[in-house]
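S.K.: If you read the protein sequences in the order shown, they are chains G and Y. Under the UniProt record's numbering, residues 1 to 226 are what the first sequence spells out, in order. Under the UniProt record's numbering, residues 1 to 226 are what the second sequence spells out, in order. Every residue gets a Cβ at the ideal spot worked out from N, C-alpha and C, and that includes glycine. Keep in mind that this is a model prediction, so the values were computed, not measured.
Protein chains: 2
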Amino acid sequence: MAEATLQSQTRADEAFDCLQTAIVTGELAPGEKIGEVELCSRFNLTRGPLREALGRLESRGLLVRRPHAGVKVVSVSAAELLELYRIREVMEGLAARQAAERMTDEEIAELQATLDSHEKMIEQAQGQAYYQAEGDYDFHHRIATGSRNAKLAQMLLGDLYYMVRMYRYRLSTSAGRPHLALREHRRIVEAIAQRDGDLAEFLMKRHINAARINIEKKIEEGVLTI
Amino acid sequence: MAEATLQSQTRADEAFDCLQTAIVTGELAPGEKIGEVELCSRFNLTRGPLREALGRLESRGLLVRRPHAGVKVVSVSAAELLELYRIREVMEGLAARQAAERMTDEEIAELQATLDSHEKMIEQAQGQAYYQAEGDYDFHHRIATGSRNAKLAQMLLGDLYYMVRMYRYRLSTSAGRPHLALREHRRIVEAIAQRDGDLAEFLMKRHINAARINIEKKIEEGVLTI
DNA sequence: CTGGGGTATTTTGTTGACAATAAATGGCTC
DNA sequence: GAGCCATTTATTGTCAACAAAATACCCCAG
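What follows is the structure, given as structure tokens:
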């Protein structure tokens with residue numbers, strides 16, 4: 001159960017965190033209709049802060065609200081998920097370019113270190129699941145913040161990634177291609193280390209495009225039913 | 001004064017609309033610290049719905065909140081404003097591409113019609129101010145929705161445009177180049193009408209890049225002090 | 001006169017009760 | 001028996017009072 005991560009600054013923040021992780025992990029399934037009182041007892045909250053959190057979640061597109069009719073978790077169709085990747089492609093392309101221009105040498109070294117640890121995890125075979133789920137997220141997270149573009153990072157980290165992760169938890173998006181994905185990551189970091197913004201953008205766009213095509217293929221094969 | 005636009009479905013929606021327009025129009029200045037009780041009396045609201053609205057506004061990045069210390073309107077620096085245009089460049093580039101692929105012939109005709117009316121306004125000289133402020137917004141709005149990419153439209157219309165408009169109200173972003181901007185708009189629509197996604201994306205990116213450079217120049221000249 | 005500490009005040013955060021609206025159920029008519 | 005309308009019920013929206021926290025002010029010491 002998604003308890004409050006440490007102590008949040010305020011009850012509303014706590015509610016927000018709880019609900020967000022609950023939605024992302026699938027504890028609250030897409031399309032599920034949820035009552036306010038039920039949520040209150042479930043997360044030990046009162047309705048005031050809860051409603052504030054619900055507003056924030058709605059504003060971020062994680063749930064939809066119909067006046068007087070309750071709130072339900074947003075359910076993203078397969079087509080919409082693919083559209084999300086189209087957005088990621090251009091936004092993360094920009095992030096990679098700006099990261100190449102602005103990341104400190106230290107940050108780049110750390111980035112390379114995380115890739116090393118990812119590689120070890122993959123070699124240990126069973127690490128695959130973790131790698132795609134969290135390692136991949138970690139990589140993209142670092143580049144988003146490395147762009148030094150506050151709004152870009154906010155939109156990626158606070159908006160898009162949550163929606164993507166929501167589905168990554170139940171379907172292994174890049175399953176079967178962890179080595180390939182890692183190699184793509186390496187090339188991107190290489191370009192960033194060489195301060196080659198053009199190349200970093202190009203490689204990142206291609207990387208995300210590949211992930212999108214991978215999902216598309218799986219959907220066609222019927223492996224993924226969203 | 002920014003009264004409730006018609007009757008919103010709920011008090012919180014009303015509060016949200018009021019505050020959003022108040023921020024965008026500059027009625028609430030950037031950096032201004034605002035107390036909850038003051039806002040309540042100002043917009044005839046009670047604190048419950050207000051707080052819900054504040055949460056939504058914060059989530060959208062229009063205001064910042066420090067626990068127990070109040071809320072103040074976000075103030076975007078010149079550098080951050082330029083970063084916003086970098087994001088617009090890639091996102092609206094994508095929007096233009098997808099619009100070229102997906103807009104109906106009817107929508108394209110309407111788009112051309114709006115450009116005609118914009119042209120008339122410019123010819124009537126005094127229309128300049130309106131054109132840049134609302135006509136330009138109208139154009140970009142139509143393309144965002146025309147992309148048929150729900151999340152992309154949501155991010156552009158619900159997030160970025162409000163921040164940009166916030167500054168467009170006090171500084172004339174594309175002042176001095178209305179004819180040029182219109183010509184660029186025409187070319188973009190032309191590419192969309194020809195279903196040339198590549199070209200539409202390219203032209204849109206160049207258009208927004210030009211707008212960014214224009215602002216950059218003004219800032220260097222000291223005309224704009226943000 | 002200036003700096004630090006403590007109290008007072010203001011403002012935010014939270015709570016539980018109340019009102020209004022939509023969904024659900026049951027009864028009535030056709 | 002089926003469909004529609006009214007009533008009931010449950011749930012959401014709203015409110016005003018209470019508690020907690022941070023800022024501001026004032027007093028005192030150096």
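(1) Three-state secondary structure (DSSP) at L63 of chain Y?
(2) Expressed to the nearest angstrom, what Euclidean distance is found between the alpha-carbon atoms of R206 of chain Y and A181 of chain Y?
(3) Could you check if Q194 of chain Y is buried or exposed, using at least 16 other CB atoms within 10 Å of its CB as the buried criterion?
(4) Does the beta-carbon of K33 of chain Y have 16 or more other beta-carbons within 10 angstroms, so that it is buried, or is it exposed?
(5) Give me the Cβ distance between A95 of chain G and S147 of chain G, rounded to the nearest whole Å; I'm assuming they're in contact under 8 angstroms.
(6) Hey, quick one: how far does the beta strand (DSSP E) through V73 of chain Y stretch, first residue to last?
(7) Compute the Euclidean distance between the alpha carbons of A191 of chain Y and A153 of chain Y, then round it to the nearest angstrom.
(8) Rounded to whole angstroms, how far is the Cβ of R102 of chain G from the Cβ of A200 of chain G, which I believe are closer than 8 angstroms?
(9) Check this for me: beta carbons of A144 of chain Y and L160 of chain Y, under 7 angstroms apart or not?
(10) Any chance you could list the alpha helix (DSSP H) runs of at least 4 consecutive residues sitting entirely within the segment 186–218 of chain Y, in chain order?
(11) Do the CB positions of I208 of chain Y and E92 of chain Y come within less than 7 angstroms of each other?
(12) Which of the three DSSP states is assigned to L6 of chain G in this structure?
(13) Kindly list the residues whose CB is nearer than 7 angstroms to the CB of C40 of chain Y, restricted to its own chain and excluding five residues on each side of it in sequence; keep chain order.
(14) Would H68 of chain G be called buried (16 or more neighbouring beta carbons within 10 Å of its own) or exposed?
(15) Starting from M91 of chain Y, trace the alpha helix (DSSP H) both ways and give me its first and last residue.
(16) Given this structure, state the Cα-to-Cα distance separating F139 of chain Y from R65 of chain G, to the nearest angstrom.
(17) Going along the segment 36–51 of chain G in order, which residues come within less than 8 angstroms of chain Y, judged by CB to CB distance?
(18) Once the 5 residues before and after R56 of chain G are set aside, which same chain residues still bring their CB inside 6 angstroms of it?
(19) Under 8 angstroms Cβ-Cβ, which residues of chain G neighbour E83 of chain Y?
(20) Is it buried or exposed, E221 of chain Y, if we count other Cβ atoms within 10 angstroms and call 16 or more buried?
(21) Shorter than 7 angstroms from the beta carbon of R56 of chain Y to some beta carbon of chain G?
(22) Does the Cβ-Cβ distance between M163 of chain Y and L82 of chain Y come in under 7 angstroms?
(23) Who are the Cβ neighbours of A12 of chain G in its own chain at under 6 angstroms, not counting the five residues just before and after it?
(24) Which chain G residues are close to G197 of chain Y, counting only those with a beta carbon under 7 angstroms from its beta carbon?
(25) Give me the DSSP bridge partner(s) of K33 of chain G.
(26) Beta carbon of V24 of chain G, beta carbon of M204 of chain G: below 7 angstroms?
(27) Taking Q154 of chain Y as part of the alpha helix (DSSP H), name the residues at either end of that continuous run.
(28) Please return the same chain residues whose Cβ sits closer than 8 angstroms to the Cβ of I188 of chain Y, not counting the five positions on each side in sequence.
(29) I need the DSSP call for G26 of chain Y, collapsed to helix, strand or coil.
(30) Please report how far the alpha carbon of T104 of chain G lies from the alpha carbon of L111 of chain G, in whole angstroms.
(31) So which residues on chain G does T10 of chain Y lean against when the C-beta distance must stay under 7 angstroms?
M.R.: Reading from the atomic positions:
(1) The sequence position of residue 63 of chain Y within the second sequence is 63, counting from 1. Strand at L63 of chain Y.
(2) What you label residue 206 of chain Y is simply residue 206 of the second sequence in a count that begins at 1. What you label residue 181 of chain Y is simply residue 181 of the second sequence in a count that begins at 1. Using only the alpha carbons, I get a separation of about 11 angstroms.
(3) Taking the second sequence and counting its residues from 1, the one referred to as residue 194 of chain Y is at position 194. Exposed, since its Cβ has fewer than 16 Cβ neighbours within 10 Å.
(4) Taking the second sequence and counting its residues from 1, one reaches residue 33 of chain Y at position 33. Exposed.
(5) Taking the first sequence and counting its residues from 1, one reaches residue 95 of chain G at position 95. Taking the first sequence and counting its residues from 1, one reaches residue 147 of chain G at position 147. Their Cβ separation, rounded to whole angstroms, is 4 angstroms, which keeps A95 of chain G and S147 of chain G in contact under 8 angstroms.
(6) Counting from one through the second sequence, the residue named residue 73 of chain Y turns up at place 73. Here the beta strand (DSSP E) through V73 of chain Y covers G70 to V73.
(7) Position 191 of the second sequence holds residue 191 of chain Y. Position 153 of the second sequence holds residue 153 of chain Y. Looking at the two C-alpha atoms, the distance is approximately 20 angstroms.
(8) Translated into the one-based positions of the first sequence, residue 102 of chain G becomes position 102. Translated into the one-based positions of the first sequence, residue 200 of chain G becomes position 200. With a Cβ gap of about 11 angstroms, R102 of chain G and A200 of chain G do not count as contacting.
(9) The residue labelled residue 144 of chain Y in the question sits at position 144 within the second sequence. The residue labelled residue 160 of chain Y in the question sits at position 160 within the second sequence. Going by C-beta atoms, A144 of chain Y is not nearer than 7 angstroms to L160 of chain Y.
(10) none
(11) As a working mapping, residue 208 of chain Y is identified with position 208 in the second sequence. As a working mapping, residue 92 of chain Y is identified with position 92 in the second sequence. Yes; because the gap between Cβ atoms is below 7 angstroms, this pair is in contact.
(12) To locate residue 6 of chain G, count along the first sequence from 1; it is residue 6. Its pLDDT being 44, under 50, L6 of chain G is placed unreliably in this model, and the value from its coordinates should be taken loosely. Of the three classes helix, strand and coil, the one that applies to L6 of chain G here is coil, per DSSP.
(13) Looking up residue 40 of chain Y in the second sequence gives position 40. Closer than 7 angstroms at the Cβ level, and outside the excluded window around C40 of chain Y, lie T46, R47 and L50.
(14) As a working note, residue 68 of chain G is residue 68 in the first sequence. Flag for H68 of chain G reads exposed.
(15) Taking the first residue of the second sequence as position 1, residue 91 of chain Y is located at position 91. M91 of chain Y -> alpha helix (DSSP H) spans A78 to R102.
(16) One-based indexing of the second sequence puts residue 139 of chain Y at position 139. One-based indexing of the first sequence puts residue 65 of chain G at position 65. Using only the alpha carbons, I get a separation of about 29 angstroms.
(17) G48 and R51
(18) The count along the first sequence starts at 1 and reaches residue 56 of chain G at position 56. So the list reads F16, once near-sequence residues are dropped.
(19) Residue 83 of chain Y sits at position 83 when you count from the first residue of the second sequence. Ordered by position in chain G, the residues that pass the 8 angstroms Cβ test against E83 of chain Y are N149, A150, K151 and L152.
(20) Position 221 of the second sequence, counting from 1, holds the residue named residue 221 of chain Y. Flag for E221 of chain Y reads exposed.
(21) As a working mapping, residue 56 of chain Y is identified with position 56 in the second sequence. It does; some Cβ of chain G falls within 7 angstroms.
(22) Looking up residue 163 of chain Y in the second sequence gives position 163. Looking up residue 82 of chain Y in the second sequence gives position 82. No; because the gap between Cβ atoms is not below 7 angstroms, this pair is not in contact.
(23) Counting from 1 along the first sequence, the entry for residue 12 of chain G is found at position 12. The residues are P49, E52 and A53.
(24) Start at 1 with the first residue of the second sequence, and residue 197 of chain Y comes out as number 197. Neighbours of G197 of chain Y on chain G: none; closest Cβ ~12 angstroms, over 7 angstroms.
(25) Stepping through the first sequence from its first residue, residue 33 of chain G is reached at position 33. Per DSSP, G:K72.
(26) What you label residue 24 of chain G is simply residue 24 of the first sequence in a count that begins at 1. What you label residue 204 of chain G is simply residue 204 of the first sequence in a count that begins at 1. It is not a contact, given that the beta carbons lie outside the stated cut-off.
(27) By 1-based counting over the second sequence, the position of residue 154 of chain Y is 154. It spans A150 to M155 - the alpha helix (DSSP H) in which Q154 of chain Y sits, taken as one unbroken run.
(28) For this step, residue 188 of chain Y is matched to residue 188 along the second sequence. Contacts found: A96, I143, A200, L203, M204 and H207.
(29) Position 26 of the second sequence, counted from the start, is the residue given in the question as residue 26 of chain Y. Coil.
(30) On the first sequence, position 104 is the one that residue 104 of chain G refers to. On the first sequence, position 111 is the one that residue 111 of chain G refers to. About 11 angstroms.
(31) Within the second sequence, numbered from 1, the residue matching residue 10 of chain Y stands at position 10. Within 7 angstroms Cβ-Cβ: P67.
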